[in-house]
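K.L.:
Line by line, the protein sequences give chains C and Y. Numbering of the first sequence is given in numbering that gives the first Met the number 0, commencing with residue 0 and proceeding in unit increments. Numbering of the second sequence is given in numbering that gives the first Met the number 0, commencing with residue 0 and proceeding in unit increments. The beta-carbon is built from N, C-alpha and C at its ideal position, and this holds for glycine as well. Handing you a structure now.
There are 2 protein chains.
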Amino acid sequence: MNVVNFLARLPLFRGLPPRELDDLSKITTLRSFRQGETVFVEDEPASGFYILFSGKVKIFKLSPEGKEQILHIIEPGDSFAEITVFEGGKYPANAEALEQSRTVFFPAAALIRKFRSDPYLAMNMMGILSSRLREFAQTIENLSLRGVPERLATYLLHLQGLKNGADMFDLDIKKGVLANLLGTTGESVSRTLARMSEAGLIEVHGKRITLLKRRPLEEIAAGRRKLD
Amino acid sequence: MNVVNFLARLPLFRGLPPRELDDLSKITTLRSFRQGETVFVEDEPASGFYILFSGKVKIFKLSPEGKEQILHIIEPGDSFAEITVFEGGKYPANAEALEQSRTVFFPAAALIRKFRSDPYLAMNMMGILSSRLREFAQTIENLSLRGVPERLATYLLHLQGLKNGADMFDLDIKKGVLANLLGTTGESVSRTLARMSEAGLIEVHGKRITLLKRRPLEEIAAGRRKLD
DNA sequence: CCCGTTCCTTGATCTGTGTCAAAAAAAGAA
DNA sequence: TTCTTTTTTTGACACAGATCAAGGAACGGG
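If you want it as structure tokens, here you go:
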């Protein structure tokens, strides 16, 4: 698949004339990252944003002691570091490839010109920023108002949704990464999954998860019911 | 001060022709709220966004048990609930007046028309969304990677900045509200301020704060030094 | 200025989750 | 397969911060 075809399918470029898209694609840069490779580092000077073409990328913050909080896991088609385009200067967090990944890079300057000439592109971008804002608000709520069992149950149910609702599916990321995404530790994820198993709500074999009782899991996710 | 003059000073409308601004102001609705009054409730149907004209408004999430996490405290000139314009439907959180407040409401439909015709307006809005995104990322980092003393020290230093760098200033919000903003409890705020006092870093008299030793406070805020 | 209400402080205690350590399991390399 | 490395699990323990409770201070309306 070539870049133009790929870009044409993305929500960001919906409604954009093919001619424009063609122009845009000419100013992009493709780059590959091996698993574990750094895409960018917080506070480094930044000059554009990325779209993930293939692979998986984590966007994360680090504490002085090296603890990590993942803000977002980027999947193919998702954009990231958009905010450098509008209040430029520096990357707002770190990014690292979780798998072998390929990115499309858009220089900020060219983007801004396009925004001025194409209101659809601007509307699409505002939609993307808005939905990310909503996700972040949810993350804040999770960290502050919900416990680890609630967050984990929510994640499992969400993942089940992505996997077409099948009761049996594989975790899409390592448990340690999941822990950093949920704002907890690998140990706590292990223990909480074990507790859910004991309660007969799920079954765990390695990264294979089977949801046995959906209702109680939903109750836990909603905070209407405690685990145990 | 009339509404048009007020709006003309805001970053959101920077670069907008006066004529356009005049049009815009005609479709707004003014509304007043008494202290403690609800501006909107999470998940209620939404159809536009607000700019705060005077007063103070908190945007917050609630847990099922009634615990509260403040996402943002809105000051005059700030917009809020912008995201309802782009991925409409529902308010993403609750809003309540912390003081007697007046708001200017913009219906989404008219806004969207303006965005299509005025790229500057769109760019300004993207800038606002981006900076809010950056703030939220910071909040996530605070909740997940930093302790209460770090967050509180950061808040005090930040507040000092707002108060022109004077060493003595008054808290701009009640301590209980501050607690919900920092993601902790009133008791913890009290205790942590007391500890900072004992350590000789600050002095507290009611809501009057005096910063005695700025350096150690900065070290604590940065996580390079522990309190006590 | 008084009195009721709200807000803040302080102490005692509880608890969820983090930390440290070590063994077990799984994944990769040779 | 076998060896090595990485990831996960489990246990014992520690601790920051929450909760509960009660007294004290500040505030605001009459």
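Taking a contact to mean a Cβ-Cβ separation below 8 Å, would you say T102(Y) touches F52(Y) in this structure?
P.N.:
In this structure, F52(Y) lies closer than 8 Å to T102(Y) by Cβ.
K.L.:
Let me see if you follow: with CB-CB separation under 8 Å, is M122(C) close to chain Y or not?
P.N.:
So yes, M122(C) belongs to the interface.
K.L.:
List, from N- to C-terminal side, the alpha helix (DSSP H) runs of 4 residues or more that fit wholly inside the region 114-191 of chain C.
P.N.:
Those alpha helix (DSSP H) runs which fall completely within the region 114-191 of chain C and span 4+ residues are 118-144, 147-161, 174-181.
K.L.:
Note down, in chain order, all residues in the region 127-138 of chain C with a beta-carbon under 8 Å from any beta-carbon belonging to chain Y.
P.N.:
Those would be L128, S129, S130, R131, L132, R133, F135, A136, T138, in chain order.
K.L.:
Would you mind telling me which residues of chain Y sit closer than 8 Å to R112(C), beta carbon to beta carbon, in chain order?
P.N.:
What R112(C) touches in chain Y: nothing, since even the nearest Cβ is about 10 Å away.
K.L.:
Below 8 Å, can you find three or more Cβ-Cβ pairs linking the region 75-90 of chain C to the region 38-58 of chain C?
P.N.:
In short, these stretches touch, since the Cβ pair count reaches three.
K.L.:
Leaving out five residues on either side along the sequence, give the residues of the same chain with a beta carbon under 7 Å from the beta carbon of D166(C).
P.N.:
Excluding residues within five positions, the ones whose Cβ falls inside 7 Å are T209, L210.
K.L.:
For the structure I just gave you, are there three or more beta carbon pairs, one from the region 161-175 of chain Y and one from the region 154-162 of chain C, closer than 8 Å?
P.N.:
At 8 Å Cβ cutoff, the stretches do not touch.
K.L.:
Is the beta carbon of I236(Y) less than 8 Å from the beta carbon of I50(Y)?
P.N.:
Only positions 0 to 227 of chain Y appear in this structure, which leaves residue 236(Y) out of reach.
K.L.:
Going along chain C in order, which residues have a C-beta closer than 8 Å to the C-beta of P91(Y)?
P.N.:
Correct list: L132, R133, A136.
K.L.:
Could you confirm whether any beta carbon from chain C is found closer than 8 Å to the beta carbon of T219(Y)?
P.N.:
Looking at the sequence provided, one finds Ile at residue 219(Y) rather than Thr. Cβ-Cβ to chain C under 8 Å: no for I219(Y).
K.L.:
Buried or exposed: which applies to N1(Y), given that a residue is buried once 16 or more other Cβ atoms fall within 10 Å of its Cβ?
P.N.:
It is exposed - the Cβ of N1(Y) has fewer than 16 other Cβ atoms within 10 Å.
K.L.:
In its own chain, which residues sit with a C-beta less than 7 Å from the C-beta of A220(Y), not counting the 5 before and 5 after it?
P.N.:
Correct list, in chain order: E149, A152, T153, L156.
K.L.:
Are the C-beta of L142(C) and some C-beta of chain Y separated by less than 8 Å?
P.N.:
Yes, L142(C) counts as interfacial toward chain Y.
K.L.:
Does P63(Y) come out as helix, strand or coil in the three-state DSSP assignment?
P.N.:
Here P63(Y) sits in coil by DSSP.
K.L.:
Measuring CA to CA, which of R214(C), L15(C), L226(C), L6(C) is closest to L105(C)?
P.N.:
In the sequence on display, residue 105(C) carries Phe and not Leu. That would be L6(C), whose Cα lies nearest to the Cα of F105(C).
K.L.:
Among A193(C), D77(C), G175(C), L192(C), whose alpha-carbon lies nearest the alpha-carbon of G185(C)?
P.N.:
Measuring from the Cα of G185(C), the nearest candidate turns out to be G175(C).
K.L.:
Determine the extent of the beta strand (DSSP E) in which P106(C) is found, giving its start and end residues.
P.N.:
Per DSSP, P106(C) belongs to the beta strand (DSSP E) from 100-106.
K.L.:
Using a Cβ-Cβ cut-off of 8 Å, state whether F79(Y) counts as contacting chain C.
P.N.:
No, its Cβ sits nowhere closer than 8 Å to a Cβ of chain C.
K.L.:
Please report whether the beta-carbon of R115(C) lies at a distance below 8 Å from any beta-carbon of chain Y.
P.N.:
Yes, its Cβ sits closer than 8 Å to a Cβ of chain Y.
K.L.:
Given this structure, state the Cα-to-Cα distance separating E67(Y) from N179(Y), to the nearest angstrom.
P.N.:
Between E67(Y) and N179(Y), the C-alpha separation is close to 6 Å.
K.L.:
Going by beta-carbon coordinates alone, are F114(Y) and M122(C) separated by less than 8 Å?
P.N.:
Yes, these two residues count as a Cβ contact at 8 Å.
K.L.:
When you check each C-beta in the region 165-183 of chain Y against every C-beta of chain C, which residues fall closer than 8 Å?
P.N.:
Answer in chain order: G182.
K.L.:
Got a sec, what are the start and stop residues for the beta strand (DSSP E) I201(C) sits in?
P.N.:
Taken as a continuous stretch (DSSP letters only), the beta strand (DSSP E) holding I201(C) covers 201-204.
K.L.:
Which of the three DSSP states, helix, strand or coil, is assigned to V2(C)?
P.N.:
Residue state, collapsed to three classes: helix.
K.L.:
Flag this pair as yes or no: are the beta carbons of L181(Y) and A198(Y) separated by less than 8 Å?
P.N.:
No, the Cβ-Cβ distance between L181(Y) and A198(Y) is not below 8 Å.
K.L.:
Output the boundary residues of the beta strand (DSSP E) element that contains R207(C).
P.N.:
Note, R207(C): beta strand (DSSP E), 207-210.
K.L.:
Quick one, which of E217(Y), R33(Y), A109(Y), L9(Y) has its alpha-carbon nearest E98(Y)'s?
P.N.:
Comparing Cα positions, the closest option is R33(Y).
K.L.:
Using the beta-carbon of each residue, which ones in chain Y are nearer than 7 Å to I82(C)?
P.N.:
Within chain Y, the residues near I82(C) are S129, L132, R133.
K.L.:
L60(C): buried (16+ other C-beta within 10 angstroms of its C-beta) or exposed?
P.N.:
The question names Leu, but residue 60(C) is Lys in the sequence shown. Looking at its Cβ environment, which holds 16 or more other Cβ atoms inside 10 Å, K60(C) is buried.
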